[in-house]
Every structure is written in C-alpha cells, then in structure tokens.
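Only one structure is covered here, and it is reproduced in the block below.
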Amino acid sequence: MTSIARHFEDLYGRKPDVIAEAPGRVNLIGEHIDYSEGFVLPFAIADRTYAAIAARKDGLVRVASHQRRERIFSIDINDVKPGSKGDWEKYVLGVIWSLGLNQGVDILVDGNVPAGAGLSSSAALECCVAVGLNELFSLNLSAPELARATQKAENDYVGMPCGIMDQSVSLMGKAGSALLLDCRDLTTEAIPFDVASAGLELLIIDTQAHHALVDGGYAQRRADCESVVAKLGLVSLRHLTLNELEAARGQLTEIEYLRARHAVTEISRVMDAVAALRASDFKTLGALINGSHQSLRDDYAVSCPELDVAVSASIAAGALGSRMVGGGFGGSAIALVNQKDIEKVKQSVLAEFEAKRFKKPRFFTSLPSAGASATRY
Ligand code: GAF
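Heads up, the sequence shown is in the working numbering, so the first residue is 452 and it goes up one at a time.
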C-alpha cells in the first residue's frame with residue numbers, strides 16, 4: 452500500500468477510491484505573459500502533490516493534509532462556495548466548486564513541492580484534486596478543461612487573479628520536455644529539453660524571500676496590461692508589435708508603456724528560445740534567459756533584491772543564463788549552468804547572500820517530468 456493510502460485509511464477508516472498526483476513547475480521563459488494570451492515555456496518538475504480521495508454518500512466534504520498534522524476540516528457540500536470558511540483548504544474546495552460537484556468526498560493530500568518557493572505548490576494541489584475527482588466521478592474533462600476549472604478555482608474561490616500557465620503545465624507537462632503553451636487556446640507542443648546530455652544542469656535557487664507586494668503587485672501588473680489593451684483597442688497584448696507600441700507610446704503612461712514592452716519582447720524571447728532549444732544552442736538560450744530577467748526587473752518591476760543577487764551571482768560564477776521565475780517579489784530564480792560549474796555557482800550565490808545578510812537560499816535541481824495523473828485504487 453502506498454503511504455498516502457495507508458495514512459488515508461488510518462485517518463478516515465476506509466480505503467481511498469482514487470489516488471492522484473500533480474507536479475509543481477519551473478518556467479524556463481515566458482514570464483507574466485500568460486494573462487496577455489502569450490506563449491510560455493514551462494516544464495513540470497519531479498516534486499509533486501498527491502491526493503487520496505473517496506466518495507461519500509452524504510453531503511459532507513472532509514479535507515486533511517499530511518503536512519498539517521492531518522487535522523480534518525469538514526464542510527457541507529452546499530456550503531462550498533466562494534466566501535466559505537477555510538484556509539489552505541480553499542484550494543481544494545475551489546476545485547470541488549468549479550467542477551460543480553454535488554456530493555461529499557473525503558480527501559487527504561500529501562506532497563513534496565516546496566511551498567512559498569515560487570514553484571507552484573498551489574497549482575499542484577489544485578490539479579491533483581482535479582484529476583482525482585475527474586477520475587472518481589468519470590467527469591471526462593480534458594486537460595485544457597481541467598486547467599480552466601482549476602484557474603477558476605484560484606481566481607474566484609481563493610481570490611488570486613493568476614493566469615493559466617501553472618495549472619496547464621502541471622496537468623500537461625511531458626517528461627524530458629518543456630511545454631510550449633499557447634495561453635490563448637491552450638494548445639501545446641513538447642519541446643525536448645535535454646540539458647544533461649549537453650553537460651548542463653538547471654539549478655533552482657529558492658531565495659526564501661517573500662515580499663508583501665506579492666498579491667497586490669501581481670494584480671496591479673494585470674491591470675496595467677488591461678489598461679494598455681483598452682487604450683489601444685486590442686484583444687490582448689499578444690496582438691501588439693514593438694513598432695506599434697512605439698508608435699502608440701504617446702497614448703500611454705510611462706508605466707503602461709514599460710509593462711507592454713515587457714509583454715511584447717518576452718513573447719518574442721519565448722519563440723527565440725524554442726528555436727535555440729531545437730538547435731541545442733544553449734548559449735543563445737542563456738542570453739535569452741538573461742534578457743528575460745532584465746525585462747522583468749526593469750520594465751515589469753517584479754523582481755526584488757534577493758532575486759537580482761541570485762541572478763548576478765550565478766552569472767558572475769559562469770552560469771550561461773539566470774532569471775527570476777514565477778510571479779516574482781521573492782520565490783525562486785533559475786540558472787543554466789555547466790555541470791562542472793555547479794558548486795562554484797552555489798558558493799557564489801551563498802557568499803553574496805551572506806554578504807547582504809539575506810536569509811540562506813536553498814538549491815534544487817529537477818529534470819522535466821510528467822504532468823498529473825490519477826489511478827483507481
Ligand atoms: C504566477 C501565476 F500564477 C501565473 O499565472 C503566471 O502569471 C506567473 O505568476 C508569472 O508568469 O505563477
């Protein structure tokens with residue numbers, strides 16, 4: 452018996468019906484453009500969240516987490532609607548609500564996606580519950596439909612106005628590949644991402660920084676982009692070229708101009724990164740990763756001192772490229788590094804963090820891994 456099934460049985464006194472899993476993610480390039488209908492190139496990491504689920508015949512919903520001492524949270528299915536009680540449980544309840552479930556369930560979650568590191572532990576949680584319920588109740592929803600449902604859970608139930616990238620890659624990631632995702636229609640293409648055979652490694656640096664700006668700053672960036680779209684009469688920033696943006700500069704505030712410039716240039720960096728990967732040109736990929744960070748730092752203003760130091764210390768120690776990943780204002784950076792330079796890069800980052808009296812960073816690596824799955828137990 453897997454350990455989550457054993458814990459489920461100890462907790463709820465019966466076996467689960469379904470066991471599901473979903474990974475966290477790292478985004479190689481294409482940051483803060485999913486909500487502008489852009490293209491992104493994330494991959495699913497090996498770390499994942501698991502959900503053991505059993506149907507109930509009454510209307511009771513019970514949720515517990517192995518990471519939170521398996522304290523059982525109970526709520527009637529009729530009360531599962533936005534504004535309900537719950538803390539982290541809202542990520543689970545939101546999925547139950549957005550899938551329109553009308554009967555009770557027992558759920559236990561467990562996992563090893565580092566929380567607060569900008570590796571999408573929340574998407575992993577939502578997606579493992581979604582694929583588990585999809586299997587248990589034979590909902591027959593496709594991965595893009597589940598992505599929309601889990602995004603709705605986070606937007607409307609949890610109250611975080613995230614885009615569609617994290618849930619999509621958690622559901623549709625492919626082992627060995629980064630996922631080129633068109634955020635307009637959720638079509639995907641697996642782009643082989645084999646750093647190891649090129650003698651490289653993708654280092655993940657968790658800065659352990661969490662700045663208060665996170666929620667308000669994210670929503671404000673979205674609002675700035677929407678304002679540009681409205682002023683220029685566009686469908687989304689995806690439809691804007693750099694020349695058109697320059698021509699329209701006078702209609703925008705300086706902030707709006709800079710935010711739009713990030714979106715437009717980041718989309719073209721994603722396309723260039725795909726071409727570089729196809730040509731196994733990791734030097735160019737590294738330069739594009741650096742360009743992404745500069746744009747996120749200067750035009751989009753979502754970096755922070757800890758991320759900037761992680762990036763500059765990595766590059767100074769020989770990384771081919773380095774940038775912040777995810778929403779920003781803290782969380783993780785990535786660095787594309789020759790295997791022989793890994794220790795040097797880690798030491799360089801550690802030394803700079805110590806000199807600046809920042810909290811000690813954590814290091815991870817991960818190969819691109821498979822997306823979510825669920826099996827009957
Ligand atoms: C967060 C959001 F959840 C994503 O939708 C995306 O916008 C990302 O920040 C920035 O690229 O992870």
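Using N, Cα and C, we set each Cβ at its ideal position, and we do this for glycine too. The structure displayed is predicted, hence computed values, not measured ones.
Look at the alpha carbon of L592 and the alpha carbon of H517, and state the distance between them as a whole number of angstroms.
28 Å
Counting pairs of Cβ atoms below 8 Å between the region 511 to 530 and the region 479 to 488, do you hit three or more?
no
Express the C-alpha separation of D498 and E717 in angstroms, rounding to a whole number.
27 Å
How long is the line joining the alpha carbons of K625 and S817, rounded to whole angstroms?
13 Å
According to DSSP, simplified to helix, strand and coil, what is D485?
helix
Euclidean distance between Cα positions of C676 and A752
13 Å
Residues of its chain near F459, where Cβ-Cβ distance is below 6 Å and the 5 sequence neighbours each way are ignored:
P467, A503 and L559
Examine the Cβ distances between the region 683 to 701 and the region 801 to 808 and report whether three or more of them are shorter than 8 Å.
no
Less than 8 Å between the C-beta atoms of G569 and G777, yes or no?
yes
K734 to R712 span [Cα, whole Å]
24 Å
Run of the beta strand (DSSP E) containing Y501, from where it starts to where it stops
F490 to A506
Would you check whether the ligand GAF has a heavy atom nearer than 7 Å to the C-beta of H713?
no
What does the Cβ neighbour count give for A600, buried or exposed, with the cut at 16 atoms within 10 Å?
buried
Helix or strand or just coil, what does DSSP make of M452?
Confidence at M452 is low in this model, with a pLDDT of 48, below 50, so its placement is unreliable and the value that follows should be read with caution. Note: M452 maps to coil in three-state DSSP.
Please indicate yes or no: does the CB of H661 lie closer than 7 Å to some heavy atom of the ligand GAF?
no
From this set, N585, N606 and F809, which residue's C-alpha is nearest A574's C-alpha?
N606
One question on the structure: do A441 and L622 come within less than 8 Å of each other, judged by their Cβ atoms?
Summary: the structure shown does not reach residue 441, with the chain confined to residues 452 through 828, and so no result is reported for it.
Could you name the residues of the same chain whose beta carbon sits closer than 7 Å to that of S535, not counting the 5 residues immediately before and after it, in chain order?
I526 and L544
Could you give the residue range of the beta strand (DSSP E) that holds F804?
Premise fails: F804 lies in the alpha helix (DSSP H), I793 to A806, not in any beta strand (DSSP E).
Can you list, in chain order, the residues of its chain whose CB lies under 6 Å from that of F815, leaving out five sequence neighbours each side?
I655
The region 548 to 567 / the region 575 to 582 touching (three or more Cβ pairs under 8 Å):
yes
Would the C-beta of Y542 count as close to the ligand GAF, meaning under 7 Å from any of its heavy atoms?
no
Cβ contact check for the region 628 to 635 and the region 484 to 493: 3 or more pairs under 8 Å:
yes
Starting from the N-terminal side, write out each stretch of the beta strand (DSSP E) that is 3 residues or longer and does not extend beyond the region 667 to 702.
none
How many whole angstroms separate the CB atoms of L651 and L787, which I take to be in contact at a CB cut-off of 8 Å?
6 Å
Quick one: measure Cβ to Cβ for N741 and I766, integer angstroms, because I've assumed they're closer than 8 Å.
7 Å
So which residues put a beta carbon under 5 Å from any heavy atom of the ligand COA, going in chain order?
With respect to small molecules bound, the structure shown includes the ligand GAF and not the ligand COA.
So A768 and D792 are supposed to be a Cβ contact under 8 Å. How far apart are they, rounded?
7 Å
Pick from A647, A714 and Y669: whose alpha carbon is nearest that of V680?
A714
Buried or exposed (CB count within 10 angstroms, at least 16 for buried), E686:
First, the amino acid is wrong: residue 686 is Val here, not Glu. So V686 ends up on the exposed side.
Under three-state DSSP, which class holds A515?
strand
Can you tell which of V477, I528, R457 and E472 has the C-alpha that lies nearest to the C-alpha of I785?
V477
Please go through the same chain and pick out, in chain order, the residues whose beta-carbon is closer than 7 Å to the beta-carbon of A598, but skip the five residues on each side of it.
I615, Q618, S619, L622 and L637
Quick check: the Cα distance between A761 and T658, rounded to an integer number of angstroms?
7 Å
How should G701 be labelled, buried or exposed, when 16 other C-beta atoms within 10 angstroms of its C-beta is the threshold for buried?
exposed
Determine the closest residue to D538 out of T826, N529, F524 and A471, with distance taken between C-alpha atoms.
F524
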